[in-house]
Amino acid sequence: MLKSDEILQKLEPDSKDVFVEGLIDTYTNRPDEMKNVCLANFASLYNVSKKKTDNAQITENSDDEDVIDNEIDEKTIALKMKNGKDPENYYREQLMLFLPWINEEENLININHEETFELYKDLIQQKRSEYVHREANEFEQAFEDHTERENENDIDDKNIEYDEDKNEFLIYEIGNNEGDIFVEMGINTRTEKIENFNVPKIIPDTEYQRMMRSLNYSQRKYTLNVMNLIKNGDKQFFHFINGGAGVGKSTLIKAVYQSILRFYNSLPGSNPETIHVALCAPTGKAAASIDGMTLHSFLSLPVNQCKHKLVKLNSDVSNRIGVKLKDLQLLIIDEISMVGFTMFQQVDARLQQIMKVKKPFGGISLIVLGDFNQLRPVGDKYIFQYNNSYNALVDNPLWSLFELFELTEIMRQKDDKSFAIALSNIAKGTMTLEDINLLKSRIVSTENLEMIEDPIMIFRSNAEVDAYNTKVLASLNIDGATANAYDFCVGDGLASIKEKVLSNVKNLKTAETYGLPLKIDLKVGAKYMMTVNSDTEDGLVNGACGKLVMIDYGKLQKANETVPCRIWIKFNEEKTGRKARANFHNVMRNRNIDSSLTPIEPVIRQINTKSTNFKVERKQFPIVPCEAMTIYKSQGGTYEKVVVNLKKGTTRSELYVACSRSTKASGLYLIGDFVPPKPPEHNDSVAMVFKTMSLVETWTKPSDSLEIEGLKVVHRCDCNDIRKPFDQITYLKNHLKYESIAERCEYSGKNHIEYSSIKIDDICIISVYNSPNSPFDVLKRHINEVITVSKRFCEKIIVVGDFNINLKIKTNYKFIEYVKSFGLTLINKLNKNSTNAKTQIDYCFANVNGWKCDYFESLTSFHKPLWIRKHEIDSQLHVDENEQIRTDMPLNLGDLCINDCSDVMDIDDQSSFEQTHTDISFNLKELKTGGLCASTIFDEKSPIEAYEIVDLNTRRILDHFLLVLGSNNTTGIDQISSQARIINDLIEKSPFITVANKDQSVRLKLKAEYSVQAFDSVYARTRTTGDGNCLYSSLSITNIGSEKLTHSMRLLAANAMINSRDYFEGLCKLLHYSFEEQLKRTAMDTIWGGEVQIQALSIALFHPIYSYIQFNSDPQNKHYISSSIELQELVDRFVKGTAGGRLKYIGYKSDMNKLGFCLYYNGIHYDALLPFQDNPQQFLPHFDLINMSL
């Protein structure tokens, strides 16, 4: 709530402290002597008064001085517990209420709630029992029940159906049941609202590739722009995508969202359930069309008409949302033209509250899409208009933060070109005679309307819509019924006032009762439209249309009256109501109901009244007839047949929205006179084209066809036999003349350098690829060679390429100095990323003035393609190099990139190179090639970033190794050996890992199948990801405290097997395995490992590896171990070889004096065992470990 006007007047003009402090604010500011008081006690036992006393501690609150007094009588506090449906929030709420805390973010949000709860469970239980009057064992049982459910491998219950046959007329509602007709029928209608965030899932690769290929130039260009901003991740951005109806805004949303989702999911250690991007819209219909949420539900915005006041969320709701959105980076809002100034301010304020960041929109980047040629927001100003009543709270209009991007190519009606052009010209008010004649040809008389089958009628006003719907329903001589709303009062007061309030509600319009009419005429075969957002994820939203096919009835016991209790609708879109149909599968099957019908039941909404004592709730079916709809209501939808009733005074926006609802000209019908709208102002656009393009590391073979329309190949070098990360191809515009100056492709062992030089006019353009394995002397020789030869033909030189020398490392500046000795200077800006690994290994040198070079984005390549252009072009364009990523520049390196394989080399003080290499697969069918590299220099990186980058490189190296496995190519083995050294260096820098210093992402197993206290007091079992990599992930945890080196563990094992081939060939023969097959399994992702791989890992890590199994719990077995066995006795049992938790495997050639890495193996899955402290007790048998293992 806002502070009083009197207090607001006293604040500084730029003050943001405008809200009244609540309970949470007062609790966090409590006196020091109350630091051990939990929130439940604070709320129940203490009052905050507004005057000083001599014996009370004072805390500051607003402009008054607050006093915290201890009460004699305890207050009653209401607690909401939901341990079953949302365990994460259950644990967090228990910690918030019953455990003292100071800083909400540090103590309650950025922690592992379950582990913290388990740690303080006894204290929480004791404190909770003071407020929740149940026996302690009930609490314990509830907790145990939840834990057991969680441990049952997360059973998917989406196909579990409740037994509707026993109560076919089950209705859900909220509100007072007194006098409820459904209660009279013996039906329980109340349910609890559970918050849920609808987040679209990643689509299949084939669907994603098909979608990306369908993008037009502007859509692709913008997607690349956003991906660049997301990958850099260092700057908040605000974009407005403007475009008329049908230009593909929804497709662009999907392309951007899916591309970003793929990027985040590709990062090591990523969680697919984490919300990085959110999709929203102001209406349910718009939200459903993009598989998103409404802004109201996503941010808990008010849905009432309180325009200028936003009630601050209570801390419980705010924290719950904040926890789920803690990783949110981008919010995408569709149909922004429907969002008014007030709602936009509320979005800003709510995000600041939830994210706890005092920046515009809480530091979250925004992309908003819409068409301001469509209708303006209802009852509010446009989003870009300034509202003076907000001067006290808003310094500058938020809209001024946004950059404009524009889509112009109409996609929706692309098969009807003339109609597409006419619609665009309606919006701009620039209709041609041809456009006007086309629209006038669609005029029909009212007499011929009956010949149009099943159209949607569109009118300007609600009165016209109501009159038409009434007329059509009255003309239907079919079965039907009347559904009367049930209104009831909530609250205490005089019966006469209650009766008057209910009477007043009956006179309200449907728009004032949240879409629930007082009476609905139900006619089978008539069209109806949803009026509330029942389930956005399921498409059951305001605006969803369909035909009523069947009505279910129930009988009132007291009145002996039969009333409709459920209706069945066939919606226009098949996906609408899919989930609702699944929930009623049994009923539909038993009653032989058409599987395309969706059940709709009554809902409850609270209606605003002037009464302070009573609140009125209405129960009714959330539908209205929709044989016709208003232009406003039609916005955002498309229909096969549309009849638009033209009236005098129809605005340009109304005409544009109404006509563009049709998907083609033949489906549009006009009634009345068509008057072309007047033109608004408009702006011109500028286009550019590129002239030459060079690609490196093409992976191509001579038989590959790589023609590009409008371009000719002027240089090409291919692989002769096996596809490798080599070779080049250079294209030039067909009409341009050129001269080949020099070319070379040298590959001998580790030395691999390619270059080409072509002369265009008076400039030589040299394209270079340098392998990370090439010594610096070899690179210098080739650079000297190609520049010297080129200078014989022209003085102006440009050298561009993938040099695999990371300029983010200052010692590598020596390469810049070397090239400078030829008179060439670097024209790229330093410290800019040219790869996803945030290295700078692609750049350009020149000895001519007036040239610029920078990077743009690639959707799928690891490299960022490079562009070069003359600086003079800038005077013709508005280009902000920091904000926009151009895709149309003269020279593009690697733009047609999907896959690539190269790496980074770095120059040390002796001018030698650190070497690594990576490779991934190549998709020739897409005719897209290019260069991909990754850095191995992490001097300026945090350990976590270093782990992630190394592991990403490692995976690519292993993929390349698998590609060349079985051939005579030794590059894969060389790469593995080099990468193994880097991994070992990282591991050596890591501290000894215990439970105390593990990464927060690693969770512990709270309950063992059979717990032996002596063992469990030494080691804690982790919950390692079960994806086929569990052995390697567990050893990553024991070495660095997280799973971020999972693939690196695979590489170390493969390297050990290669280096100790004789031993492992003998081991594999003994175990009846194929060595080659085991080596392949070791390198492959998500393939489990066993004896051979553990032996290899033990060699690679220079530590023994102990793998334990479950202790024997059978007292009749000689290996039985009591759960209460003493520690020393357990150690002795291991020495004797009679311990139930005996070793399963042990590593070979390890230093047995070192502490072993401990694992737990249950027969199908490995978990890491982490000690609670340094130098833990080891449990080892006293005989030949290696032979026992084998």
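Quick note: the sequence shown, position 422, residue 429 per the working numbering, numbers continuous.
Note that the Cβ used here is the ideal one computed from N, Cα and C, for glycine as well.
A quick note: this is a predicted structure, and the numbers were derived from the prediction, not measured.
DSSP state of residue i mapped onto helix, strand, coil
{"i": "D559", "result": "strand"}
{"i": "M537", "result": "strand"}
{"i": "G553", "result": "strand"}
{"i": "N249", "result": "strand"}
{"i": "C1202", "result": "Residue 1202 lies beyond the residue range present for the chain, which begins at 8 and ends at 1197; the question has no answer from this structure."}
{"i": "H120", "result": "helix"}
{"i": "D1200", "result": "No information on residue 1200 is available, as it lies outside the stretch 8 to 1197 that the chain covers here."}
{"i": "D769", "result": "coil"}
{"i": "D542", "result": "strand"}
{"i": "V623", "result": "strand"}
{"i": "N1066", "result": "helix"}
{"i": "S641", "result": "helix"}
{"i": "L662", "result": "helix"}
{"i": "F466", "result": "strand"}
{"i": "I459", "result": "coil"}
Anticipated Cβ contact below 8 Å, residue i with residue j, distance rounded
{"i": "G498", "j": "K622", "result": "6 Å"}
{"i": "P462", "j": "Y229", "result": "Incorrect: roughly 36 Å between the Cβ atoms, too far for contact."}
{"i": "K554", "j": "K534", "result": "6 Å"}
{"i": "S997", "j": "N1046", "result": "6 Å"}
{"i": "I614", "j": "I527", "result": "Contact flag wrong, Cβ pair sits at about 16 Å."}
{"i": "I772", "j": "I805", "result": "5 Å"}
{"i": "E955", "j": "G276", "result": "7 Å"}
{"i": "L414", "j": "K256", "result": "7 Å"}
{"i": "Y1173", "j": "S1067", "result": "Not confirmed; about 22 Å, so no contact."}
{"i": "C801", "j": "I770", "result": "6 Å"}
{"i": "P632", "j": "N476", "result": "4 Å"}
{"i": "P683", "j": "I443", "result": "5 Å"}
Outcome for residue i when other beta-carbon atoms lying within 10 angstroms are tallied against a minimum of 16
{"i": "Q352", "result": "buried"}
{"i": "M458", "result": "exposed"}
{"i": "I765", "result": "buried"}
{"i": "T583", "result": "buried"}
{"i": "Q1135", "result": "exposed"}
{"i": "G532", "result": "exposed"}
{"i": "V263", "result": "buried"}
{"i": "V651", "result": "buried"}
{"i": "F247", "result": "buried"}
{"i": "V324", "result": "exposed"}
{"i": "Q1123", "result": "exposed"}
Cutoff 7 Å; reference residue i; Cβ partners in own chain excluding five residues on either side
{"i": "A380", "result": "It is Asn, not Ala, that sits at residue 380 in the sequence shown. Contacts found: G251, A434, S660 and Y663."}
{"i": "I1132", "result": "V1019 and A1021"}
{"i": "Y34", "result": "L46 and F49"}
{"i": "I210", "result": "Q265"}
{"i": "T154", "result": "With a pLDDT of only 48 at T154, under 50, the local geometry of the prediction cannot be trusted, and no value is derived from it."}
{"i": "G369", "result": "L358, Q359, I361 and M362"}
{"i": "S984", "result": "N1062"}
{"i": "L1074", "result": "V1099 and Q1102"}
Own chain partners of residue i with C-beta closer than 6 Å, once the 5 adjacent residues on each side are dropped
{"i": "A399", "result": "The pLDDT assigned to A399 is 34, lower than 50, so where the model puts this residue is not dependable, and the model offers no usable value."}
{"i": "L317", "result": "Q353 and A356"}
{"i": "Y215", "result": "Q265"}
{"i": "I374", "result": "H246 and I339"}
Residue i beta carbon near the ligand NAP (any heavy atom closer than 6 Å)
{"i": "W108", "result": "The ligand NAP is not part of this structure, which contains no ligands at all."}
Contact check, residue i vs residue j, beta carbons under 7 Å
{"i": "A488", "j": "P571", "result": "yes"}
{"i": "Y493", "j": "K626", "result": "yes"}
{"i": "P782", "j": "N811", "result": "no"}
{"i": "Q1085", "j": "Y1017", "result": "no"}
{"i": "F822", "j": "I794", "result": "no"}
{"i": "T1236", "j": "Y1039", "result": "The structure shown does not extend to residue 1236, since the chain spans only 8 to 1197, so no value can be given for it."}
{"i": "C1165", "j": "Y1127", "result": "no"}
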